[in-house]
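Residue numbers (the numbering used here), protein chains in the order written: chain A, 237 to 405; chain B, 237 to 405. Idealized CB from N, CA, C, for every residue including glycine. Only one structure is covered here, and it is reproduced in the block below.
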DNA sequence: AATCGCTTTCAGTATTTCTTGAAAGTTTTA
DNA sequence: TAAAACTTTCAAGAAATACTGAAAGCGATT
């Protein structure tokens, strides 16, 4: 197999993975393409490599830039924009976790806090069970939240060192 | 606010959360509905509560059953099927992690293993960088894999105890 | 100030994913 | 064995999501 072929497989797989996790396929593929590219890429190159339209490319490059996974670079003498993708997988993972935390976990935590604090007059068995459930979900969400926060602050090596020791048999 | 209203909010939020994570909205809602219900529910009840069709209800209940998050129960004297949802949030989390691991992480690991073992003749700079990337992604994926495996075996309290101590300031 | 090279936007279209509802299947009851 | 009670399937339709391409924007160059 050639390197080119291997890279294509990687890009495809990354796209598939992304789409299963609520990240659009093209966005994931563009990012993968940048990961396997030594050089910065132009919109044109991305378009032709993935066979997508200009609008689509542009939109997803912007989104990736918003996520902090892609940076615009200027090539001296060149007029068009070039882009490089973050290649450090740990940084990528942290970045994605961070964004999804604020977008998804935080709102849920907010709702759960509301539901917990509700002053419900009639406390029948049913109500009590519901409150118990809300509390449990809240507990879990809070713990996940703290875990993610911790991960943000930790160094990768430190994190995995501790983590794998924890589960070593 | 009434309990009923609170429950509805919970169901809606759960549905939204699910759909952001590649789990279809209705499936997540049905499960949420079962979590907040004291009793087992029939297909009819689910249909009317969520205003969905019989086919839709049936399909998603089956999917939830396949995921091991819902069990069929038989009520004495009753002919129709009733269903109860798993309510232990830790168990739910583990179950979802387990299924998604086999469906998504395992295939990626397999691909990465292939790509790692490729015998590429010409070893230019470009190829070396690609191999480095594949290796790094592989490393991370493996660690995540082991982490999840560890979580499967661990008790909830033990897990969070260790985890939160790790990140305690 | 007009043209060039490139980027951005967005209405319309295509694709994917979900949902419906009616028909076929299954099990129980009479 | 026929009807009733309930479940399952699936083709067609609806809704959500992603993509295209042409037009408008924008700044540099002549």
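Listing by chain order, which chain B residues have their CB less than 8 angstroms from the CB of residue 362 of chain A? 239 and 274
Against chain A, with Cβ distances strictly below 8 angstroms, would residue 326 of chain B count as a contact? yes
Taking residue 403 of chain A as part of the beta strand (DSSP E), name the residues at either end of that continuous run. Taken as a continuous stretch (DSSP letters only), residue 403 of chain A belongs to no beta strand (DSSP E), being part of the alpha helix (DSSP H) at 392-403.
Residue 350 of chain B versus residue 238 of chain A: straight-line alpha-carbon distance, rounded: Computed Cα separation, rounded: 13 angstroms.
Cross-chain neighbours of residue 369 of chain A in chain B, by beta carbon under 7 angstroms: 271, 272 and 323
In chain order, each alpha helix (DSSP H) run of at least 4 residues that lies wholly inside the stretch 244-303 of chain A: 261-271, 279-286 and 290-302
For chain A, check one thing: does any of its Cβ atoms lie closer than 8 angstroms to the Cβ of residue 303 of chain B? No, its Cβ sits nowhere closer than 8 angstroms to a Cβ of chain A.
Sequence-distant residues of its chain with Cβ nearer than 6 angstroms to residue 323 of chain A (five each side left out): 271
Using a beta-carbon distance below 8 angstroms, is residue 423 of chain B in contact with chain A? Because chain B in this structure spans residues 237 to 405, residue 423 of chain B falls outside the shown range and cannot be described.
I'd like the span of the beta strand (DSSP E) that includes residue 321 of chain A, first residue to last. 318-321
Between which residues of its own chain and residue 300 of chain B is the CB-CB distance below 7 angstroms, once the five residues before and five after are set aside? 263, 266, 267 and 306
List the residues of chain B that residue 379 of chain A touches, going by C-beta distances under 8 angstroms, in chain order. 396, 399 and 400
Interface flag, residue 300 of chain B vs chain A, CB-CB below 8 angstroms: For residue 300 of chain B, the answer is no, since every Cβ of chain A falls outside 8 angstroms of its Cβ.
Against chain B, which members of the stretch 381-393 of chain A pass a CB distance test of less than 7 angstroms? 382, 383 and 386
Coarse secondary structure for residue 337 of chain B, derived from DSSP in three states: In this structure, residue 337 of chain B counts as helix in the three-state DSSP scheme.
Decide if residue 276 of chain A is buried, meaning its Cβ has at least 16 other Cβ atoms within 10 Å, or exposed. The Cβ neighbour count for residue 276 of chain A, taken over all protein chains shown within 10 Å, is at least 16; the residue is labelled buried.
Where residue 373 of chain B meets chain A, residues with beta-carbon distance less than 7 angstroms: 325
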